[in-house]
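A.B. asks: Read left to right, the sequence shown gives residues 1 to 278 (UniProt numbering). Quick one: this structure, given as structure tokens, is what I'll be asking you about.
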Amino acid sequence: MAAGRQECSICMDIFKNPKLLPCHHSFCYKCLEDYVKVNLSNGRFNCPMCRKSVELSLGGVASFQENFYIDTYSKEEVKLVCKDCKALICVLCKTIKHESHASETVSDAAAEVKKNIQIKMNQCLNKVRRITDSEREAEALDRKINDAERNEIKALEEQRLQLIKLIDQEVAKMKEKIQNVYKELRQQNESLKRDMKAELTKCSTVNDNARQIIDQGTDIDLIKKGSDLEQLLSAAMTETSLKPMTRMEKDLFSPVTIKVSELIQFIGMMRDSTEITP
1 MAAGRQECSI
11 CMDIFKNPKL
21 LPCHHSFCYK
31 CLEDYVKVNL
41 SNGRFNCPMC
51 RKSVELSLGG
61 VASFQENFYI
71 DTYSKEEVKL
81 VCKDCKALIC
91 VLCKTIKHES
101 HASETVSDAA
111 AEVKKNIQIK
121 MNQCLNKVRR
131 ITDSEREAEA
141 LDRKINDAER
151 NEIKALEEQR
161 LQLIKLIDQE
171 VAKMKEKIQN
181 VYKELRQQNE
191 SLKRDMKAEL
201 TKCSTVNDNA
211 RQIIDQGTDI
221 DLIKKGSDLE
231 QLLSAAMTET
241 SLKPMTRMEK
251 DLFSPVTIKV
261 SELIQFIGMM
271 RDSTEITP
């Protein structure tokens, strides 16, 4: 196994039959069993290191996964990966515990992990590019919303000036309605932009972490962290409905020719709302 001795934080001695908790902390089987007997409450106990709550199944401490990645009895260099157990092993391990198991070299296993991660990374980068394009479209939509609001308010004000006091009250009502509608549209678009930003940050962060492991990590790092990275990249690639709306169906306000009769219509025709469609 890998050189370097690791100690159980309970007994402060070399690991013996290490068990791995869901929080990724490991302890000797016997140490953990004794600890659980004292600290178990309602079927749960806290990890001795991080204090995270852990559920104990009916199988007891024995049901927790054995941590094959911990050096338990040898200073032999890790050279192989047991494909059946998915564990890093040395030549001695191969002859003692994994004799009948299929195995491959660490470098070959790491190359496969690296290949899979790079595929996921490329897919993730494609999503980043799509979101970036959508983000630009959302910025353009911002300008359209602002221009539409400004132009319609201007037209409304021009109508109001012709009627002076007689139409001031109606103008105020219609202006408020326009502002409320566009405020809602703006809020919807701002919310969409925030979601895009958050999704972009998530994808970029996961991808950067993966890149760091690939560029700077060892083969053992890839073996240990490859599965988690693949899961994170897969989660980051989950498609989300972040496509912005790109077109407003109709203006809220349309000016009309002013007539003496039907005073309300002098201000203009109002729609209940306007829509932006993809």
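All residues carry an ideal CB built from backbone N, CA and C; glycine is no exception. All of these numbers come straight from a predicted model, not from anything done at the bench.
Could you check whether the Cβ of E176 sits closer than 8 Å to any Cβ belonging to chain C?
C.D. replies: The structure shown has no chain C; it contains just one protein chain.
A.B. asks: Which runs of the alpha helix (DSSP H), 4 residues or longer, sit entirely within the UniProt domain "RING-type" (8-51)?
C.D. replies: Taking only runs of at least 4 residues, the alpha helix (DSSP H) segments lying wholly in the UniProt domain "RING-type" (8-51) are 29-39.
A.B. asks: List the endpoints of the continuous alpha helix (DSSP H) containing L222.
C.D. replies: Translated into positions along the sequence shown, residue 222 becomes position 222. Run containing L222: D219 to A236, per the alpha helix (DSSP H) assignment.
A.B. asks: Assign C124 to buried or exposed, taking buried as 16 or more other Cβ atoms, counted over all protein chains shown, within 10 Å of its Cβ.
C.D. replies: For the purposes of this step, residue 124 is identified with residue 124 of the sequence shown, where counting begins at 1. Under this definition C124 is a buried residue.
A.B. asks: Buried or exposed, going by whether 16 or more other CB atoms sit within 10 Å of the CB of E157?
C.D. replies: Locating residue 157 in the sequence shown gives position 157, counting from the first residue. Flag for E157 reads exposed.
A.B. asks: According to DSSP, simplified to helix, strand and coil, what is C124?
C.D. replies: As a first step, residue 124 is located in the sequence shown; it is residue number 124 there, counting from the start. Three-state DSSP puts C124 in a helix.
A.B. asks: Kindly provide the ranges of any beta strand (DSSP E) runs that are 3 or more residues long and lie completely inside the region 133-208, ordered along the chain.
C.D. replies: Those beta strand (DSSP E) runs which fall completely within the region 133-208 and span 3+ residues do not exist here.
A.B. asks: Please classify L222: is it buried, with 16 or more other beta-carbons within 10 angstroms of its beta-carbon, or exposed?
C.D. replies: What you label residue 222 is simply residue 222 of the sequence shown in a count that begins at 1. When all chains shown are included, L222 counts as buried.
A.B. asks: For E190, count neighbouring Cβ atoms within 10 angstroms of its own Cβ and tell me buried if that reaches 16, exposed if not.
C.D. replies: Along the sequence shown, one-based indexing puts residue 190 at 190. By the 10 Å Cβ count, E190 comes out exposed.
A.B. asks: Less than 8 Å separating the beta-carbons of P18 and C28?
C.D. replies: Taking the sequence shown and counting its residues from 1, one reaches residue 18 at position 18. Taking the sequence shown and counting its residues from 1, one reaches residue 28 at position 28. Yes, these two residues count as a Cβ contact at 8 Å.
A.B. asks: Rounded to the nearest angstrom, what separates S107 and K83 at their Cα positions?
C.D. replies: Against the sequence shown, residue 107 aligns to sequence position 107. Against the sequence shown, residue 83 aligns to sequence position 83. Straight-line Cα distance between these residues: approximately 13 Å.
A.B. asks: Does the Cβ of S273 have 16 or more other Cβ atoms within 10 Å, making it buried, or fewer, making it exposed?
C.D. replies: Translated into the one-based positions of the sequence shown, residue 273 becomes position 273. When all chains shown are included, S273 counts as exposed.
A.B. asks: With a 10 Å radius around its C-beta and 16 neighbouring C-beta atoms as the bar for buried, classify K154 as buried or exposed.
C.D. replies: The residue given as residue 154 occupies position 154 in the sequence shown. By the 10 Å Cβ count, K154 comes out exposed.
A.B. asks: Assign G59 to one of two classes, buried (16 or more other C-beta atoms within 10 Å of its C-beta) or exposed (fewer than that).
C.D. replies: In the sequence shown, residue 59 corresponds to position 59, counting from 1. Exposed: under 16 other Cβ atoms inside 10 Å.
A.B. asks: If you measure between the beta carbons of M237 and I131, is that distance less than 8 Å?
C.D. replies: Position 237 of the sequence shown, counted from the first residue, corresponds to residue 237. Position 131 of the sequence shown, counted from the first residue, corresponds to residue 131. Not closer than 8 Å, so no.
A.B. asks: Hey, would you say I67 sits closer than 8 Å to L32, going by beta carbons?
C.D. replies: As a working mapping, residue 67 is identified with position 67 in the sequence shown. As a working mapping, residue 32 is identified with position 32 in the sequence shown. A small correction: the amino acid at residue 67 is Asn; Ile does not occupy that position in the sequence shown. No, these two residues do not count as a Cβ contact at 8 Å.
A.B. asks: Taking the beta carbon of residue 289 as the centre, do at least 16 other beta carbons fall within 10 Å, making it buried, or is it exposed?
C.D. replies: Outside the displayed span of the chain (1 to 278) sits residue 289, for which this structure offers no information.
A.B. asks: Spatial neighbours of A102 within its chain, please: CB distance less than 7 Å, with the 5 preceding and 5 following residues excluded, ordered by chain position.
C.D. replies: By 1-based counting over the sequence shown, the position of residue 102 is 102. Closer than 7 Å at Cβ, skipping near neighbours: K83 and D84.
A.B. asks: Label M269 either buried or exposed according to how many other C-beta atoms from any shown protein chain fall within 10 Å of its C-beta, with 16 as the threshold for buried.
C.D. replies: As a position in the sequence shown, residue 269 is number 269, starting the count at 1. That one is exposed.
A.B. asks: Go ahead and pull the three-state DSSP assignment for V256.
C.D. replies: Taking the sequence shown and counting its residues from 1, the one referred to as residue 256 is at position 256. In this structure, V256 counts as coil in the three-state DSSP scheme.
A.B. asks: Would you identify the three-state DSSP class for A210, choosing helix, strand or coil?
C.D. replies: Numbered from its first residue, the sequence shown carries residue 210 at position 210. Three-state DSSP puts A210 in a helix.
A.B. asks: Going by CA-CA distance only, name the one from A235, V113, S134 and S53 that's closest to K193.
C.D. replies: Indexing the sequence shown from 1 puts residue 193 at position 193. Of the listed residues, the one whose Cα sits closest to K193 is S134.
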